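Residue numbering for the sequence shown follows the working numbering, starting at 1321 and increasing by one per position. Right, one structure below, let's go through it.
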Amino acid sequence: MTRHFLRDDDISAAEQAEILDLALDMKRDRFAVRPLEGPQTVAVIFDKSSTRTRVSFAVGIADLGGSPLIIATASSQLGGKETASDTARVLERQVAAIVWRTYGQAGLEEMARGTTVPVVNALSDDFHPCQLLADLLTIREHRGALAGQSVAFLGDGACNMAQSYLLAGATAGMHVRIASPAEFSPSDAVVADATAIAAQTGGSITLYRDPAEAVAGVDVVVTDTWVSMGKEDEKAARLTQFGAYQVDAALLALAKPDAHFLHCLPADRGFEVTADVIDGAQSIIWDEAENRLHAQKALLAWLLAKNVS
Ligand code: CP
Ligand code: NVA
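Okay, structure coming up:
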């Protein structure tokens, strides 16, 4: 059966560790692993804007010996004009894998059901699992381990980053805290799934309303935009609703003295995070952004190896 990566818990704890090990090896020797030699093509489809994801997949696929085919949905037949499953059947005859940034998780699931090549979620409304591989890699590099580390995510607890932190963090055996207003809590189903995973890995899941309580004594503080792609109409209300969750120096000071700060970027400086924090000594955002490349190369190499028939 074809392995896909649509959400963070599509891989086990052992598989997550294997992919992160591979990413570290591939980061040390960037051009040594070339499973796409040929070159084989990987389709990378964008329904939403992107800088990091577009660049890191394009560069990563080339590093792996392959050829990236970047498709903007608006200029394709996908998105109302042709179903995801018909698109998948056309693509699979010609490409080695399909990477897709989209809105609903259901479209990704339909794409995956319709094809024998791996489908990778490059961000949906619900999850951003490729970003989490990069974040975990960055935390591992800077803090030496993942299991037992505590991470507090502040802001929109219902957004893709918060929900991916729940699943991927639990898989890694981390203690994941989410602090959000009540109306922006993660979905009950994702919290239940993450809690079940954490029970197996020694991690834990805790939801907070009070940002100061969530950040107290943690190893890693994370935030993300308060206005995710697709939520632009709610911008004015959200800037007020999330005001108390801004990561500033005083809030970061409640974490461990050597705590690190992460943000998947792009950042709205002065809203979810102040400039002194994002540019400060505890911020590791540029390593995080670079690690998209290494983590996704490892993921693609791993999926291609798993799917050899
Ligand atoms: N972090 C992230 O996915 O960035 P882009 O939207 O620029 O791809
Ligand atoms: N939560 C953000 C992440 C951007 C990379 C969004 O979906 O817009």
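Cβ atoms here follow ideal geometry from the backbone N, Cα and C, with glycine treated the same way. Everything numeric in this text was worked out from a predicted model, so none of it was measured.
Endpoints, the beta strand (DSSP E) within which residue i is located
i       : result
His1495 : His1495 to Ala1499
Phe1366 : Thr1361 to Phe1366
Val1439 : Val1439 to Asn1441
Pro1388 : Ser1387 to Ala1392
Thr1526 : Ser1524 to Tyr1528
Leu1344 : Leu1344 -> not in any beta strand (DSSP E); alpha helix (DSSP H) instead, spanning Ala1333 to Arg1348.
Leu1582 : His1580 to His1583
Val1541 : Val1540 to Thr1543
Neighbourhood of residue i by C-beta, 6 Å cutoff - its chain only, sequence neighbours within 5 removed
i       : result
His1324 : Ala1432, Pro1438 and Val1439
Phe1366 : Ala1392 and Arg1421
Gly1477 : Ile1498, Ser1500, Phe1504, Ser1505 and Pro1506
Asp1588 : Thr1545
Gln1451 : Cys1584
Gln1561 : Pro1501
Lys1626 : Arg1323
Ala1343 : Leu1457, His1614, Ala1615 and Ala1618
Own chain, CB closer than 7 Å to residue i, minus 5 neighbours either side, in chain order
i       : result
Ala1490 : Val1496, Ala1514, Ile1517, Ala1518, Thr1521, Gly1523 and Ile1525
Ser1376 : Arg1612, Leu1613 and Gln1616
Glu1357 : Gly1385
Gly1468 : Gly1493
Arg1350 : Asp1383
Asp1329 : Leu1487, Thr1491, Asp1513 and Ile1517
Cβ-Cβ separation, residue j to residue i (assumed contact under 8 Å), whole Å
i       : j       : result
Gln1637 : Asp1446 : Outside the displayed span of the chain (1321 to 1629) sits residue 1637, for which this structure offers no information.
Val1597 : Asp1568 : 6 Å
Pro1355 : Ser1387 : Incorrect: roughly 13 Å between the Cβ atoms, too far for contact.
Gly1600 : Tyr1423 : Not a contact, Cβ separation roughly 34 Å.
Contact check, residue i vs residue j, beta carbons under 8 Å
i       : j       : result
Val1542 : Ala1472 : yes
Asp1530 : Cys1479 : no
Leu1474 : Val1510 : no
Thr1435 : Glu1402 : no
Thr1361 : Val1415 : yes
Leu1456 : Leu1466 : yes
Val1364 : Ala1378 : yes
Gly1427 : Ala1404 : yes
Leu1571 : Phe1591 : no
Pro1449 : Ser1484 : yes
Asp1539 : Ser1470 : yes
Boundaries (first-last residue) of the alpha helix (DSSP H) holding residue i
i       : result
Ile1459 : Pro1449 to Arg1463
Leu1624 : Ile1605 to Lys1626
Ala1492 : Where Ala1492 is concerned, there is no enclosing alpha helix (DSSP H), given that its DSSP letter is neither H nor E.
Arg1421 : From DSSP, Arg1421 is part of no alpha helix (DSSP H) but of the beta strand (DSSP E) over Ala1417 to Arg1421.
Phe1377 : Arg1372 to Asp1383
Leu1466 : Careful: Leu1466 lies outside any alpha helix (DSSP H) and carries neither H nor E.
Thr1515 : Asp1508 to Thr1521
Thr1560 : Lys1555 to Gln1561
Val1535 : Pro1531 to Val1535
Val1410 : Ala1404 to Leu1411
Val1597 : Ala1595 to Ile1598
Gln1414 : No alpha helix (DSSP H) holds Gln1414; DSSP gives it neither H nor E.
Proximity test, Cβ basis, 8 Å: residue i and chain B
i       : result
Ala1509 : Among the protein chains of the structure shown there is no chain B, as only one such chain exists.
Neighbourhood of residue i by C-beta distance below 8 Å, restricted to the same chain and skipping five residues each side
i       : result
Ile1604 : Thr1458, His1462, His1580, Phe1581 and Leu1582
Leu1574 : Ala1532, Val1535, Ala1536 and Gly1537
Glu1554 : Val1547
Ile1339 : Ile1331, Leu1453, Ala1615, Ala1618, Leu1619 and Trp1622
Glu1429 : Leu1326
Gly1399 : Asp1367 and Thr1393
Leu1624 : Pro1355, Leu1356, Ala1416, Ala1417 and Pro1438
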